[in-house]
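Below is one structure; the comments refer to it alone.
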């Protein structure tokens, strides 16, 4: 695989894998009154402010091939460190805070009384999530996914520490650009990659905006 | 319905609700100024706010979460699910059976394929009410259902509720910050102030001086030119000439006059004999309830003394035709 294909694969897999957890976390933050909520929120937001290299280092400590978790995963055929799964995990962790924030905003825009009305009509909280919360928030969730995907595409620091720069396996667009800039004549070779990265990010942000305004109309927030 | 409520809860910011009452009535009113805890009390009854004891007809609902309480909850914002059309909103509850005559009773049968964003405020409220009724609730909770409506719309909505209550036999708890707004509908009422019950009893007894705009709601059949037959009495009423079939009328209690003898020549078009059913003291006035047709009149204690009225005594009821306003088809 070339770096564009690797970036797209890593971006899609990391976004899809973190989606259920991001929804669950956003629901927890927006719809519960738990006292530990603020502590959880701080923890989730940490990768947003931590230097990505530090995040990568901490992840490497967790998934180290000589550690118990890394060893077990390697035995199961899914080693994380210096493997494309490492790039997926790095992108997922770094993009997670933005993803949760965007979904939380989408859930916040839904009047919680809709969910109460649904329950008063005899629908369980779980069914209410599927029949009311999700249909009302999914454009917002997709908008969040687009942003998280774009953030994953640009991930560099954590990826190079956790997954390394293995051409054809973990070398994403930013890693290849970094490598080419180090080599003579590389600046000419990266023009295509730079344009591709810009185009991907532009599409993601535009898609996110379109979805956001669509769901606001859907909820009649802009009336 | 026999209802027993003991709600005690604290809200961040220092508000405490400590309201207990027990009653037996088909419609209960909760009245009080803004911020007195009416909606919080309704939330406690619904099970949205946990920790309160609610017993309906001997059945303790307290351990049941909201989705197992079987209460219909209608707020002033209607809260129709914006991603579903009217029909899907109406059939949202797993308890909802076929639509039957509910949409027709609420005048929304032509709106079934519309999306909520294409409905007017009044239409939304009627759909929300129909949705709650279709979920076959054991108890219907209505939070300020008439807020923001002008006088004509409010009377129309209240008379509609009165007719729905008779038709579908759903016990209701109504919340309003205007006491007289719901006294016309509720047989029993609770007045809340700062989270405490300051008065509870037959609805007229929680009224205060000056609160005299109690409405009467009647349903009858048009039998002639602006004449409506209500419980065996033919009333002259201000209905459009085009009205026919079943109609709903509203009449303020203060617009009903009572007399001992039939006046000889009078401009009022309605003059008939009726029987006093009950007398209730409200501050500085007395509510006289008469039967056939069932109406409430407000009189001063002095007038009551002069008329020497007591339950069971007969009285002459006088009202202008314009006192009976047409508020819609039944």
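Protein chains in written order, with my numbering: chain A, 14 to 236; chain B, 15 to 344.
Idealized CB from N, CA, C, for every residue including glycine.
Query, Result
"Let me know the secondary structure DSSP gives residue 270 of chain B once reduced to three states.", "coil"
"Using a cut-off of 9 Å between C-beta atoms, extract the partners of residue 194 of chain A located in chain B.", "Those do not exist, as residue 194 of chain A stays about 49 Å from chain B at its closest Cβ, beyond 9 Å."
"Rounded to the nearest angstrom, what separates residue 182 of chain A and residue 41 of chain A at their Cα positions?", "36 Å"
"Do residue 253 of chain B and residue 244 of chain B come within 8 Å of each other at the CB atom, strictly closer than that value?", "no"
"How is residue 218 of chain B classed by DSSP in three states: helix, strand or coil?", "helix"
"Could you give the uninterrupted runs of the alpha helix (DSSP H) lying entirely in the stretch 109-153 of chain A, keeping only those of 4 residues or more?", "125-133 and 138-141"
"Does residue 46 of chain B come out as helix, strand or coil in the three-state DSSP assignment?", "coil"
"Is any beta-carbon of chain B found at less than 8 Å from that of residue 138 of chain A?", "yes"
"What is the rounded straight-line gap between the Cα of residue 77 of chain A and the Cα of residue 131 of chain A?", "47 Å"
"Once you ignore the five residues that flank residue 183 of chain B on each side, which residues in its own chain have a CB closer than 7 Å to its CB?", "none"
"Give the C-beta separation of residue 138 of chain B and residue 92 of chain B to the nearest angstrom, bearing in mind that I take them to be a contact with Cβ-Cβ under 8 Å.", "4 Å"
"Consult DSSP for residue 317 of chain B and reduce its assignment to one of helix, strand or coil.", "helix"
"Any idea if residue 265 of chain B is buried or exposed, counting beta-carbon neighbours within 10 angstroms, 16 or more meaning buried?", "buried"
"Just checking my contact of residue 427 of chain B with residue 331 of chain B at CB under 8 Å: how many whole Å lie between their CB atoms?", "No information on residue 427 of chain B is available, as it lies outside the stretch 15 to 344 that chain B covers here."
"Can you give the beta carbon distance from residue 148 of chain A to residue 44 of chain A, rounded, assuming they're within the 8 Å contact cut?", "That pair is no contact at about 16 Å."
"Given this structure, state the Cα-to-Cα distance separating residue 151 of chain B from residue 221 of chain A, to the nearest angstrom.", "41 Å"
"Would you tell me roughly how many angstroms separate the C-alpha atoms of residue 242 of chain B and residue 257 of chain B, rounded to the nearest one?", "10 Å"
"Exposed or buried, what is residue 57 of chain B when buried is set at 16 or more other beta-carbons lying within 10 Å of its beta-carbon?", "buried"
"What residues match up with residue 211 of chain B in a beta bridge as DSSP calls it?", "B:206"
"Residue 138 of chain A and residue 97 of chain B: beta carbons closer than 8 Å?", "no"
"For residue 97 of chain A, I'd like the list of residues in its chain whose CB is within less than 6 Å of its CB, leaving aside the five on either flank, ordered along the chain.", "182 and 183"
"On the three-pair Cβ rule with 8 Å, is the stretch 183-194 of chain B touching the stretch 40-52 of chain B?", "yes"
"Residues bridged to residue 73 of chain B by DSSP?", "B:70"
"Output needed for residue 224 of chain A: all residues of its chain with C-beta closer than 8 Å, excluding positions within five of it in sequence on either side, in chain order.", "152, 153, 155, 156 and 159"
"Measure how close the beta-carbons of residue 69 of chain A and residue 161 of chain A come, nearest whole angstrom, since I'm counting them as under 8 Å.", "Contact doesn't hold; Cβ gap of about 18 Å is too wide."
"Which of the three DSSP states, helix, strand or coil, is assigned to residue 141 of chain B?", "helix"
"Would the stretch 326-342 of chain B count as touching the stretch 278-290 of chain B if we require 3 or more Cβ pairs under 8 Å?", "yes"
"Once you ignore the five residues that flank residue 155 of chain B on each side, which residues in its own chain have a CB closer than 6 Å to its CB?", "56, 60, 85, 87 and 187"
"Bridge partners for residue 153 of chain B per DSSP, in chain order?", "B:85"
"Going along the chain, which residues of the stretch 115-142 of chain A sit with their C-beta nearer than 9 Å to a C-beta in chain B?", "124, 126, 127, 129, 130, 131, 132, 133, 134, 135, 136, 137, 138, 140 and 141"
"Counting C-beta neighbours from all protein chains within 10 Å, is the total for residue 134 of chain B 16 or more, i.e. buried, or is it exposed?", "exposed"
"Go ahead and pull the three-state DSSP assignment for residue 239 of chain B.", "coil"
"Counting only C-beta atoms, is residue 62 of chain B closer than 8 Å to chain A at any point?", "yes"
"Could you name the residues of chain B that residue 149 of chain A contacts, counting a contact when the two beta carbons are closer than 9 Å?", "95, 96 and 97"
"Flag residue 114 of chain B as yes if its beta-carbon sits less than 8 Å from any beta-carbon of chain A, otherwise no.", "no"
"Compare the Cα-Cα distances from residue 163 of chain B to each of B:144, B:106, B:195 and B:215 and report the closest residue.", "B:195"
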